[in-house]
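K.L.:
What follows is a structure written as structure tokens; I'll ask about it next.
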Amino acid sequence: MQGWWSITTLFQVEKVLRLVILIYSIRGTMSSLQDKFTKYLENESIFQNKDILSNTYHPDDILHREEQIDELASILAPCLKGNDPSNVFVYGTVGTGKTLVTKHVCDELLNVAETSPSSLDIIYINCKMKKVADTEYRLSAKLARELGAEVPATGLPTDAVYDRFFEAMEEKEGVVIIVLDEIDALVRKIGDDFLYNLTRINDNLESTKVSLVGISNDLNFVDYIDARVKSSLSEEEIIFPPYDGMELKKILKQRCEEGFNDDVIGSGVISKCAALAASEHGDARRAIDLLRVAGELAERDEKNKVTTEYVDQAQNKIEKDRVVEAVRNQPKHSQIILYTIINMDEGEVHTGDVYKEYQDQARKAGTDPLTQRRISDLIAELDMLGVINARVVSKGRYGRTRKISVDLDSHITKKLSNMLEDKFYL
DNA sequence: AGTCCACAGGAAGGGCAGGCGA
DNA sequence: TCGCCTGCCCTTCCTGTGGACT
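Put into structure tokens, the structure is as follows:
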């Protein structure tokens with residue numbers, strides 16, 4: 013028999029102590045969490061109705077878009093008498109109210125159509141949504157499903173899916189309006205053949221009439237589609253100009269009145285949000301985001317007033333969240349490349365240098381490196397995402413390459429680097 | 001003016017997984 | 001079960017590019 017202070021006993025004592033500490037720390041954390049939640053419940057929220065500050069909220073009164081609403085309504089009105097309206101192409105930069113106005117007019121149309129003799133169906137598709145309109149198969153399957161047909165996620169020949177879509181369309185016996193939001197993304201992914209077929213669909217249908225509403229952020233989009241599609245799609249065009257600072261202020265004021273409690277918004281907050289958003293192409297979505305996030309940050313600090321300092325913090329937070337989320341959703345090798353670029357620490361680097369370094373990092377992460385061709389595409393994708401800045405340059409007889417740099421704040425790159433380091437044990 | 005470099009980027013196709021229909 | 005079809009990720013092969021160098 014060993015003495016009281018034998019090694020085994022010491023280990024046992026240590027284990028018991030660790031357990032006691034763990035229990036106490038868990039109990040401590042739980043009680044502090046409970047305190048936090050209780051305090052949160054006790055504090056009065058600065059928000060009256062936070063949903064109003066969300067981008068999915070549809071206000072009854074859409075400010076500064078009366079002209080566009082009226083125009084779109086006039087174009088689509090013939091469908092109430094069973095006639096096919098002209099195709100419409102709606103365009104304007106991000107956050108100018110295109111989708112909001114289109115949905116608003118469509119909702120009103122459906123309301124009135126309930127009492128009209130002819131049948132009306134409206135299909136709304138956001139072509140930028142992943143797994144929805146990134147292939148011909150998926151888009152035609154989505155349209156067919158919206159019309160009530162059953163189409164499997166894969167397995168059928170594309171022609172068969174087209175057939176089901178046409179059959180479902182024919183069965184409607186009325187007017188169908190197809191709204192394709194972010195239509196430029198659709199064309200970039202699958203070309204304009206599908207769009208051509210859609211614009212010609214009325215030639216092949218007997219009892220149903222179809223009208224297309226295309227919505228695009230890209231003002232030059234129509235320049236790179238087939239001329240026949242262009243003339244057909246752009247029978248009518250509605251342009252959404254960016255909001256100016258004053259218009260944004262009115263929109264924000266409207267949302268503040270309904271979204272926040274009285275006297276919560278400090279002086280200069282609305283003006284600052286409006287000014288920041290106006291400098292980014294008059295983006296109302298951005299302005300509302302800034303306001304909401306500023307409110308959330310103030311509430312987190314247990315303050316009952318949103319000040320301009322919180323708007324600055326909100327601006328940083330939105331940018332940081334956007335980048336981190338975008339990177340988190342990237343494939344493994346894109347993340348390793350980004351980690352490589354961030355840590356090369358040379359300001360601007362070239363594709364060849366990045367590739368050499370990436371090969372080492374990929375092996376460290378326990379994976380086989382991809383080919384340079386594939387990496388070239390992944391670098392281009394990161395550039396498209398706005399995470400890095402990559403521009404093609406010629407170095408004369410030393411070749412053509414991309415100059416790559418990270419175009420982000422140092423605290424964001426640090427956060428990304430740590431996140432990727434932990435993930436891949438680099 | 002011609003050559004050369006180091007890629008960019010298009011096209012074609014392989015391999016795999018998932019799903020359908022006979 | 002098997003053949004066929006899809007999407008996705010990737011490789012291989014190839015042509016094109018633009019400016020420094022000769």
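Under our numbering, residues 13 to 438 are what the first sequence spells out, in order.
Just so you know, even glycine gets a beta-carbon here, dropped at the ideal spot from N, CA and C.
Note that the structure is a prediction, hence the values are computed from the model and not measured.
#1: If you measure between the beta carbons of R77 and G104, is that distance less than 8 Å?
#2: Using the Cβ count rule (16 or more neighbours within 10 Å means buried), how would you classify F101?
#3: Rounded to the nearest angstrom, what separates E358 and T147 at their Cα positions?
#4: Comparing C-alpha positions only, which one of Q327, D73 and E292 sits nearest to A306?
#5: Find out if the Cβ-Cβ distance for the pair I74, V113 is shorter than 8 Å.
#6: Which same chain residues end up closer than 6 Å to Q325 when comparing Cβ atoms and leaving out the 5 residues on each side of it in sequence?
#7: What does the alpha-carbon distance come out to for the pair T440 and E249?
#8: For the putative contact between F177 and L192, defined by C-beta atoms under 8 Å, what is the C-beta separation to the nearest angstrom?
#9: What are the start and end residues of the beta strand (DSSP E) that includes E185?
#10: Quick check: is any heavy atom of the ligand GDP less than 7 Å from the C-beta of K51?
#11: My guess is that P254 and G294 are in contact by the Cβ rule of under 8 Å, so how many angstroms apart are they, rounded?
#12: Would the segment 212-219 and the segment 160-171 be scored as touching if the rule is three or more Cβ pairs under 8 Å?
#13: Out of curiosity, what's the CA-to-CA distance linking F23 and I330?
#14: Along the chain, where does the alpha helix (DSSP H) that runs through D301 open and close?
#15: Would you please state the rounded distance, in angstroms, between the beta carbons of I400 and S417? I believe it to be under 8 Å.
#16: For V6 and R157, I'd like the C-alpha separation in whole angstroms.
#17: Per DSSP, what kind of secondary structure is Y103 in: helix, strand or coil?
#18: Taking the beta carbon of I349 as the centre, do at least 16 other beta carbons fall within 10 Å, making it buried, or is it exposed?
#19: For K435, I'd like the list of residues in its chain whose CB is within less than 8 Å of its CB, leaving aside the five on either flank, ordered along the chain.
#20: Let me check understanding here. Comparing Cα to Cα, which of S228, V335 and K368 lies closest to S429?
#21: Going residue by residue through the segment 212-298, where are the continuous alpha helix (DSSP H) segments of at least 4 residues, counting only ones entirely within it?
#22: What residues match up with K415 in a beta bridge as DSSP calls it?
#23: Among the candidates D47, R240 and R267, whose CA atom is the shortest distance from the CA of T68?
#24: For D133, list the residues DSSP reports as bridge partners.
P.N.:
A quick look at the data gives this:
#1: The count along the first sequence starts at 1 and reaches residue 77 at position 65. The count along the first sequence starts at 1 and reaches residue 104 at position 92. Not closer than 8 Å, so no.
#2: Position 89 of the first sequence, counting from 1, holds the residue named residue 101. Per the 10 Å Cβ criterion, buried.
#3: Along the first sequence, one-based indexing puts residue 358 at 346. Along the first sequence, one-based indexing puts residue 147 at 135. C-alpha separation (whole angstroms): 39 Å.
#4: Numbered from 1 along the first sequence, position 294 holds the residue referred to as residue 306. Ranking the options by Cα distance to A306, first place goes to Q327.
#5: Reading the first sequence from its first residue, position 62 is the one you call residue 74. Reading the first sequence from its first residue, position 101 is the one you call residue 113. Taking 8 Å as the Cβ cut-off, I74 and V113 qualify as a contacting pair.
#6: Counting from 1 along the first sequence, the entry for residue 325 is found at position 313. Result list for Q325: L309, in chain order.
#7: Beyond the ends of the chain as shown, which are 13 and 438, falls residue 440; an answer cannot be given.
#8: Here residue 177 refers to the residue found at position 165 when the first sequence is read from its first residue. Here residue 192 refers to the residue found at position 180 when the first sequence is read from its first residue. That belief does not hold up - the Cβ atoms of F177 and L192 are roughly 14 Å apart, past 8 Å.
#9: Start at 1 with the first residue of the first sequence, and residue 185 comes out as number 173. Where E185 is concerned, there is no enclosing beta strand (DSSP E), given that its DSSP letter is neither H nor E.
#10: This structure does not include the ligand GDP; it has no bound ligands of any sort.
#11: For the purposes of this step, residue 254 is identified with residue 242 of the first sequence, where counting begins at 1. For the purposes of this step, residue 294 is identified with residue 282 of the first sequence, where counting begins at 1. About 3 Å separates the two Cβ atoms, so the contact holds.
#12: Note that the segment 212-219 does not touch the segment 160-171; fewer than 3 beta-carbon pairs, one per stretch, sit closer than 8 Å.
#13: For the purposes of this step, residue 23 is taken as the residue at position 11 of the first sequence. For the purposes of this step, residue 330 is taken as the residue at position 318 of the first sequence. Because F23 carries a pLDDT of 43, less than 50, the predicted location of this residue cannot be relied on, and the following value inherits that uncertainty. Spanning the two alpha carbons is a distance of roughly 49 Å.
#14: If you number the first sequence from 1, residue 301 lands on position 289. A296 to R312 is the span of the alpha helix (DSSP H), which, as asked, contains D301.
#15: Start at 1 with the first residue of the first sequence, and residue 400 comes out as number 388. Start at 1 with the first residue of the first sequence, and residue 417 comes out as number 405. Beta-carbon to beta-carbon, I400 and S417 are separated by about 7 Å, close enough to satisfy the 8 Å threshold.
#16: Any question about residue 6 goes unanswered here, given that the chain covers just 13 to 438.
#17: For the purposes of this step, residue 103 is taken as the residue at position 91 of the first sequence. Strand at Y103.
#18: Taking the first sequence and counting its residues from 1, the one referred to as residue 349 is at position 337. So I349 counts as buried.
#19: The residue given as residue 435 occupies position 423 in the first sequence. Only Q347 meet the Cβ criterion.
#20: Taking the first sequence and counting its residues from 1, the one referred to as residue 429 is at position 417. Out of S228, V335 and K368, V335 has the C-alpha closest to the C-alpha of S429.
#21: For the segment 212-298, whole alpha helix (DSSP H) runs of length 4 or above, ordered along the chain, are 213-216, 239-245, 257-271 and 281-290.
#22: Within the first sequence, numbered from 1, the residue matching residue 415 stands at position 403. Answer is H362 and R403, bridged to K415.
#23: Mapped onto the first sequence, residue 68 falls at position 56. Nearest of D47, R240 and R267 to T68, Cα basis: R267.
#24: Here residue 133 refers to the residue found at position 121 of the first sequence. Within the DSSP secondary-structure output, D133 pairs in a beta bridge with V188.
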